[in-house]
Structure formats: structure tokens, C-alpha cells
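Participant: Please read through the structure below; I'll follow up with questions.
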Amino acid sequence: MLDERQVKCAEMLAIGIGKAEIATIVGISRTTLWSWEKLKEFQAKLDEFEQEISFQSKRILKGALINASKVLVEQLKSKNEKIAQGAATDILDRGHGKATSRMELADGREDKDTVTADILDQELKEFDKEQ
């Protein structure tokens, strides 16, 4: 069972406070903190705190999605073409996935070929002509 100081250290680690600062706040050496981090129970508590932080963060971000979407849609109406185009690109990327201009094909060989969409299109056209 972890004591109060160990729980406090795990919580502070989870929120991103540096180890030296944690050791000073709790009144332990960094070596002690380092040894606590190796304990399975400490690691479990740290994981628990990190999962809770992640869950809470996602809830906060989900709550902001509607407002963020409205801002992005409003930017479409901007008189500044770069802002409007950027907003349109962001919306399309999120709605349809970001387009890529090249593909990597691997067939198990050491020398993997990088194939651009243009080359792939040309090869497909040639293949269709042969058929």
C-alpha cells in the first residue's frame, strides 16, 4: 500500500511536474522518487492518474468541438483568401482525410520503391491498354 507521499508524487508526475521539483515539494531525495517509480503499485497509481487526466482532457475537448467547428466555418467567409482557403482545407482534411501525394509500396525487398501518384496512374493506364 502506498503512503500519502507516494500517492502525491504519482499525481504530480502524471500532471507533468519535474522529478527534482516533486522531490523538493514532498521532501524526499530524487533517488527515493526513482526507487518508488520502480514499484508496481506506484506504477499502477501513476497509470490511474494518467488515465483520469486523459479522460478529463478528452471531455473538455469534446465540449469545445462545436465552438471550434463554428469558428472554422466562419473563417470560410473571410475576405482574406489565405484564411478562407486554410479553413476550407482544414474542413476537407477532417471530413475526408488528408490527401497524400505519394505512396510507399513494399514487397519485401530491401530497396523499397517510392511511387508517386503520377507514376502509378501512368502505369495503370499502360496496363489497361495491354488488356
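Numbering (our numbering), first residue to last: 125 to 255.
Every residue, glycine too, gets a C-beta built ideally from N, C-alpha and C.
No experiment lies behind these values; they were computed from the predicted model shown.
Assuming glycine 187 is part of the alpha helix (DSSP H), what are its boundary residues?
Facilitator: Segment 164 to 199, the alpha helix (DSSP H) holding glycine 187.
Participant: Does the stretch 198 to 209 come into contact with the stretch 162 to 176, if we say contact requires no fewer than three beta-carbon pairs (one atom in each stretch) closer than 8 angstroms?
Facilitator: These segments do not touch.
Participant: Relative to the C-alpha of glycine 151, which candidate in Asp171, Gln130, Asp242, Lys194 has its C-alpha closest?
Facilitator: Checking every option, the nearest Cα to that of glycine 151 belongs to Gln130.
Participant: If you draw a straight line from the alpha carbon of alanine 132 to that of lysine 169, how long is it in whole angstroms?
Facilitator: According to the sequence as given, residue 132 is lysine; it is not alanine. Straight-line Cα distance between these residues: approximately 10 angstroms.
Participant: Which residue or residues does DSSP assign as beta-bridge partners of threonine 148?
Facilitator: Answer is none; threonine 148 lacks a bridge partner.
Participant: Which stretch, first to last residue, makes up the alpha helix (DSSP H) that contains isoleucine 207?
Facilitator: Unbroken alpha helix (DSSP H) run through isoleucine 207: 205 to 220.
Participant: Could you tell me which of Ala188, Ala208, Glu135 sits nearest to phenylalanine 173, measuring between CA atoms?
Facilitator: When each option's Cα is compared against that of phenylalanine 173, the closest is Glu135.
Participant: Are isoleucine 146 and leucine 137 touching if we call contact CB-CB under 9 angstroms?
Facilitator: Taking 9 angstroms as the Cβ cut-off, isoleucine 146 and leucine 137 qualify as a contacting pair.
Participant: Classify tryptophan 160: buried if its beta carbon has 16 or more other beta carbons within 10 angstroms, exposed otherwise.
Facilitator: It counts as buried.
Participant: Which value, in whole angstroms, describes the spacing of the CA atoms of valine 206 and asparagine 191?
Facilitator: Note on identity: in this sequence residue 206 is lysine, with valine being the wrong assignment. Going by the C-alpha atoms only, they are around 21 angstroms apart.
Participant: Flag this pair as yes or no: are the beta carbons of isoleucine 215 and isoleucine 177 separated by less than 9 angstroms?
Facilitator: Their beta carbons are not under 9 angstroms apart, which means isoleucine 215 does not touch isoleucine 177 by this criterion.
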